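Asks: Before anything else, here's the structure in question.
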C-alpha cells in the first residue's frame, strides 16, 4: 500500500508539481478539489494508475469520492488488485 | 524544410485537380451558403478522404505528411475554403478517431464509406455553454439495456446538415468531470437526433454548420467509440490531429494571395509607377512571404511527428496559434494591397479574409492554444 502511495505521489510531483517538495503532497491532500489536478491531468493520472498497476478503472470509480486523494486512490488500487 | 519527392508530386497533382475540378462559382455559393456535394464527391474520388487510412479499410495508406502536402495544394488551387474546411472536419473528427479508437467492427463498417465519400462525418462536441471549456458539457448518456440514451444540445456542428455520421460526446455523470465523458458514433437516421437550427457564419459559408439536438436518442452499445469514460482521449486525439493539420490548406491560400499581390503590385500603377515600388506596399508583401516560410515548417513538423506515431499536442498548438495568426494578417494585407478592389466581393479576397478569421476560433481558440503551450511549459 505504501509503495502504491509513493508511486502515485512521485508521478504527481514529477508530472504536475515539478519542483514541489514531497512533504507538501500528503496522503490526504485533495488533488482535484484543490486544483492540483484539472480534468485532463486527472485523466492522465487515471491512465498512469491503470498502466502502472495493471488494472482497469471504470468511469464511476474515478469520481471525487474515490479518486481525489492519494490514500483513496491507493485503496482503490488495492481493491482492484484483490 | 523541403517536401519529399512523393509529397511534391502529390501536391502538384492536387493543384491541378483543384483548378479543374473545384473551379466552381464560390462567390455565388458563399452568398447562398451552398455546400457543393458534387465537389465533395470529386475530392473523395481524387483520394483525399482516404489518404491516412490503411488500404484494408478502403484508404490509400499514405502518411499525414503526404496529406498535408495535398491539402496545401488544394488550398492553392481552389477558392472554396469552406469545402476544404468540411473535408478537414470530416477527416480529423470522424475518420482518424474511428481509425484509432474504433473496434475492428466499427472500422470495417464505417471507414470505407468515410474514405470514398459516401459518408460525411460531423463532430458533435461543443455545446451552447461548453465551448473552450468543453469538458463541462451537459449532454448526458445514460446506459439503458442495449443502448445509451443521449440527451442534450450540440453547437457549432460543422457538416451537420449534410452529415451521415456524428461523432458525439456526452457525459455519463457531470460529477465525474473529464473521466465521465464518452464518445459515440451516431448515425444520421437515429431517432431522437435532429438538426434543430442551421447556423449562419461570417466566413466559411460554403461549409454547413448547425445546432444538433439529441432527444432520447438511443445509440447501440456497440456504437460507443473507445472506452466508457475515455471520450476525452478520443477528443484530444481528434484535436491534436486537427489543430496540426487543418491549416495546411491555408498555406496554399496564403501562397496564392502572395502571388496575386506581387502580380498586382507590379501591374497596378499610381502616381506614375507600380504600387510595389512603394515601401509601404512592398513591406506588406515581404511580411506575407516571411509568414508563409515560417508557417510551413510548423505544419510539416506535425506530419513528420504523426508519421512516426509520436505525440504532437504541443507542436500542434504552436502550429495552430501561429499559422492562424499569420493567415488572418496576410488575408488582411491582401485586401489592403488591392485597395478598393480588394474590398469588392468579385475579387474574392474579402472572402479569404472572412474565412481566415475563423481560424483563430475553430479547433480551440488562440487563447486555448496558448493555454496548452503554457501547460507544456509547466506554467
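Protein chains in written order, with this note's numbering: chain A, 1 to 82; chain B, 1 to 379.
Ideal Cβ placement from N, Cα and C applies to all residues, glycine included.
Keep in mind the model is a prediction, meaning the values are calculated, not measured.
1. Taking only the alpha-carbon atoms, compute the straight-line gap between residue 31(B) and residue 201(B) and give it to the nearest angstrom.
2. Please confirm whether residue 35(A) has its beta-carbon closer than 8 Å to some beta-carbon of chain B.
3. Which of the three DSSP states is assigned to residue 312(B) in this structure?
4. Could you check the C-alpha separation between residue 16(B) and residue 270(B) for me, to the nearest Å?
5. For chain A, find out if any of its Cβ atoms is closer than 8 Å to the Cβ of residue 149(B); answer yes or no.
6. Are the C-beta of residue 75(A) and some C-beta of chain B separated by less than 8 Å?
7. Name the chain B residues that come within less than 7 Å of residue 42(A), Cβ to Cβ?
8. Under three-state DSSP, which class holds residue 348(B)?
9. Just list the beta strand (DSSP E) runs in the stretch 99–147 of chain B, keeping only unbroken ones of 3 residues or longer that don't cross its boundaries, in chain order.
10. Output needed in chain order: residues of the stretch 14–27 of chain A with a Cβ under 7 Å from some Cβ in chain B.
11. Against residue 135(B), what residues of chain A qualify as contacts under a CB-to-CB distance less than 7 Å, listed in chain order?
12. Which residue from 41(B), 95(B), 132(B) puts its Cα closest to that of residue 366(B)?
13. Should residue 36(B) be labelled buried (16 or more other beta-carbon atoms within 10 Å of its own) or exposed?
14. Looking at C-alpha atoms only, which residue of 174(B), 241(B), 128(B) is the closest neighbour of residue 64(B)?
15. Please classify residue 155(B): does DSSP put it in a helix, a strand, or coil?
16. Going by the beta-carbon positions, is the gap between residue 144(B) and residue 58(B) smaller than 8 Å?
17. Using alpha carbons as the reference points, say which of 94(B), 151(B), 55(B) lies closest to residue 218(B).
18. If we require 4 or more residues per run, which alpha helix (DSSP H) segments fall completely within the stretch 195–266 of chain B?
19. Buried or exposed: residue 311(B), going by 16 or more other Cβ atoms within 10 Å of its Cβ?
20. Report, in whole angstroms, the separation of the C-beta atoms of residue 251(B) and residue 358(B), which I expect to be a contact under 8 Å.
21. Please list the residues of the stretch 226–244 of chain B that have a C-beta atom closer than 9 Å to any C-beta atom in chain A, keeping them in chain order.
Replies: Taking the geometry as given:
1. 11 Å
2. no
3. coil
4. When rounded, the distance between both Cα atoms is 35 Å.
5. no
6. Closer than 8 Å: no.
7. 177, 178, 179
8. coil
9. 121–124, 140–144
10. 18
11. 39
12. 132(B)
13. buried
14. 241(B)
15. strand
16. no
17. The residue with the shortest Cα to Cα distance from residue 218(B) is 151(B).
18. Fully enclosed alpha helix (DSSP H) runs of 4 or longer: 231–245.
19. exposed
20. With a Cβ gap of about 16 Å, residue 251(B) and residue 358(B) do not count as contacting.
21. 227, 228, 229, 230, 232, 233, 236
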